[in-house]
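Okay, so here's the structure we're looking at.
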Amino acid sequence: MAYAQVICLTHGDRALIERCMRNDAAAFDEVVSRFKNKVYSYILRMVGSEQDAEDITQEVFIRMYTSLASFRSQASLNTWLFRIASNLCIDHYRRGKKHQNVAYSLDEPIDGDDSAQTRELPDTTYDPYRLLEQGEMSTQIEQALAKMPEKLRSVILLHDIEGLQYDEIAQVVGCPLGTVKSRLFNARTQLRELLSTYVKG
Amino acid sequence: MNSYCNKIRPLISEYIDGALDPRRSADVDSHLESCSECRQIAADFRANKSVMASMPLRQTSSNFDTALAQRIAAIAQQKAKRSWLARIGEALLPSRTNVWRPAFATVTAVTVVASVMFAMRIPPTEVRTHTMTSASEQALIQQCVVQHRSYAEAQPLNDFSAQALAQQVDNSKQFDGDSDDVL
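So the protein lines, in turn, are chains A and B.
Sequential numbering of the first sequence, starting at 2, is according to our numbering.
Sequential numbering of the second sequence, starting at 7, is according to our numbering.
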């Protein structure tokens, strides 16, 4: 039952939550400004679409606002917000709103203009040699992460990017500590294989 | 790759995080010294982890805060409009979280079932009642005896406590020449 270990709120978190409970708007704004980009980055990497990620991030803070009364000191504020975010991402997948690359023709005529447009666009197709040449290791990793299964991706994002500990991740994704460790190992192994595929071309 | 690699390899992830106990960490250490393949895996894990830790945060759009503030304000307004009845309900049931909901449901179900069973268990008892209208003491005693016998018929007991009164009533009837239809 190690995964159920209680992580106490830090003093700062507790004070902030108590102020939020007293309808202190400044405290709520502080929570939002402190966590919005962290939560948004995680959600964006999980769902892939900026618009969906922004909607879900807003929903995270709305859920937090509406469930402040039920918040107990069983998790840090960070863990609590990521848990809400993780659950909303699962809901998003279940609704089948996975991000898809919808093809819009950028050469379609603009309103009031009958002539077709020809535009200069950057090539966003993946080219491992180009990326290697440019030293864009992080871009390679971003693309490899997007190809990983959600369960593995979630754990490696939370640990290696967001900096959560194993037991905090267990709370966020709702699984035992051993599962977190094995998922993290599998995620790192898969990431390594994906990157080596890119290098080999 | 040998069988020992298979045993050690799953620990490499925890090893690079410094999450292994000293004994296991030493086992991995000594294996990595002798196995170039596992050593390469550990090096790749470390390098990827390092890059991921330095990846920049993505920024929300410029109108994120405004849009969120509007949604929060709408919820606060909706909350304020709620009826007094809903507020009383919430005051009575403040902990309607997922943890308590099954407990409330169980208690309610048990209460309903117990009430139904209790109601079905008690048979309705028919007791004849008599209104006391007589003014004289003798008539009052007669009515008491009549009522007593009425209860005794409904719930027969070996009760001799009323025998003296019954005898007294019977004797007085003999003297008065009353008919038996009274009793």
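All C-beta atoms in this analysis are idealised placements derived from N, C-alpha and C, irrespective of residue type, glycine included.
Residue i, buried or exposed, once every other Cβ within 10 Å from all chains shown has been counted against 16
i                 : result
Asn-190 (chain B) : Since the first and last residues shown for chain B are 7 and 189, residue 190 (chain B) lies out of range.
Glu-55 (chain A)  : buried
Leu-146 (chain B) : exposed
Met-123 (chain B) : exposed
Thr-117 (chain B) : exposed
Val-119 (chain B) : exposed
Met-22 (chain A)  : exposed
Met-65 (chain A)  : buried
Val-113 (chain B) : exposed
Tyr-43 (chain A)  : buried
Thr-198 (chain A) : exposed
Gln-59 (chain A)  : buried
Ser-178 (chain B) : exposed
Asn-79 (chain A)  : buried
8 Å Cβ cut-off: residues of chain A touching residue i
i                : result
Val-57 (chain B) : Met-138, Ser-139, Ile-142
Met-61 (chain B) : Ser-139, Ile-142, Glu-143, Ile-162
Asn-54 (chain B) : Ile-142, Asp-161, Arg-189, Leu-192, Arg-193, Leu-196
Interface flag, residue i vs chain A, CB-CB below 8 Å
i                : result
Tyr-21 (chain B) : no
Ile-81 (chain B) : yes
Gln-84 (chain B) : no
Cys-11 (chain B) : no
Leu-26 (chain B) : no
Asp-71 (chain B) : yes
Asp-33 (chain B) : no
Arg-45 (chain B) : no
Phe-51 (chain B) : yes
Arg-64 (chain B) : yes
Pro-16 (chain B) : yes
7 Å CB neighbourhood of residue i in its chain, flanking five on each side removed
i                 : result
Val-48 (chain A)  : Ala-54, Ile-57, Cys-90, His-93, His-100
Arg-147 (chain A) : For clarity, residue 147 (chain A) is Ala in the given sequence; the question names Arg instead. These residues qualify, in order along the chain: Gly-49.
Ala-86 (chain B)  : none
Cys-44 (chain B)  : Cys-11, Ile-14, Arg-15, Ile-18, His-37, Leu-38
Given residue i as reference, the closest of the options once Cα atoms are compared
i                 : options                                    : result
Lys-39 (chain A)  : A:Phe-72, A:Asn-88, A:Leu-159              : A:Leu-159
Asn-24 (chain A)  : B:Asp-33, B:Ala-82, B:Ser-42, B:Ala-73     : B:Ala-82
Met-61 (chain B)  : A:Leu-196, A:Met-138, A:Arg-193            : A:Met-138
Ala-59 (chain B)  : A:Leu-195, A:Arg-193, A:Glu-163, A:Val-181 : A:Glu-163
Phe-83 (chain A)  : A:Ile-170, A:Gln-52, A:Ile-63              : A:Ile-170
Lys-182 (chain A) : A:Ile-85, A:Gln-191, A:Leu-195, A:Asp-168  : A:Asp-168
Asn-187 (chain A) : A:Val-32, A:Leu-178, A:Lys-152             : A:Lys-152
Ser-67 (chain B)  : A:Ser-155, A:Tyr-41, A:Ser-71, A:Glu-143   : A:Tyr-41
Leu-74 (chain B)  : A:Ile-18, A:Lys-37, A:Ser-155, A:Ser-77    : A:Lys-37
Glu-143 (chain A) : B:Arg-30, B:Asp-33, B:Leu-63, B:Ala-25     : B:Leu-63
Beta-carbon contacts of residue i that lie in its chain and below 8 Å, excluding the five residues immediately before and after
i                 : result
Ile-22 (chain B)  : Ala-48, Phe-51, Arg-52, Lys-55
Pro-123 (chain A) : Reliability fails at Pro-123 (chain A), whose pLDDT of 44 lies under 50, so the model's placement of it is uncertain and the value that follows must be treated cautiously. The answer is none, since no qualifying residue turns up.
Leu-287 (chain A) : Residue 287 (chain A) lies beyond the range of chain A shown here (2 to 202); nothing can be said about it.
Within chain B, partners of residue i - CB distance below 8 Å
i                 : result
Lys-152 (chain A) : The contacting residues do not exist; Lys-152 (chain A) stays about 15 Å from chain B at best.
Gln-59 (chain A)  : Phe-70, Ala-73, Leu-74, Arg-77
Thr-67 (chain A)  : Ile-81
Contact list for residue i against chain B, beta-carbon separation under 9 Å
i                : result
Asp-14 (chain A) : Per Cβ cutoff of 9 Å: no residues; Asp-14 (chain A) is ~20 Å from chain B at best.
Residues near residue i in its chain [Cβ-Cβ closer than 6 Å; skip 5 each side]
i                : result
Asp-30 (chain A) : none
Ile-85 (chain A) : Val-61, Arg-64
Proximity test, Cβ basis, 8 Å: residue i and chain B
i                 : result
Tyr-94 (chain A)  : no
Phe-83 (chain A)  : no
Phe-186 (chain A) : yes
Ile-162 (chain A) : yes
Ser-42 (chain A)  : yes
Leu-192 (chain A) : yes
Ile-18 (chain A)  : no
Val-173 (chain A) : no
Asn-88 (chain A)  : no
Tyr-105 (chain A) : Per-residue confidence for Tyr-105 (chain A) stands at a pLDDT of 44, beneath the threshold of 50, marking its modelled position as unreliable; the derived number appears in the next sentence. Closer than 8 Å: no.
Leu-178 (chain A) : no
Lys-148 (chain A) : no
Val-33 (chain A)  : yes
Asn-38 (chain A)  : yes
Where residue i meets chain A, residues with beta-carbon distance less than 7 Å
i                : result
Ser-67 (chain B) : Glu-55
7 Å Cβ cut-off: residues of chain B touching residue i
i                : result
Phe-62 (chain A) : Leu-74
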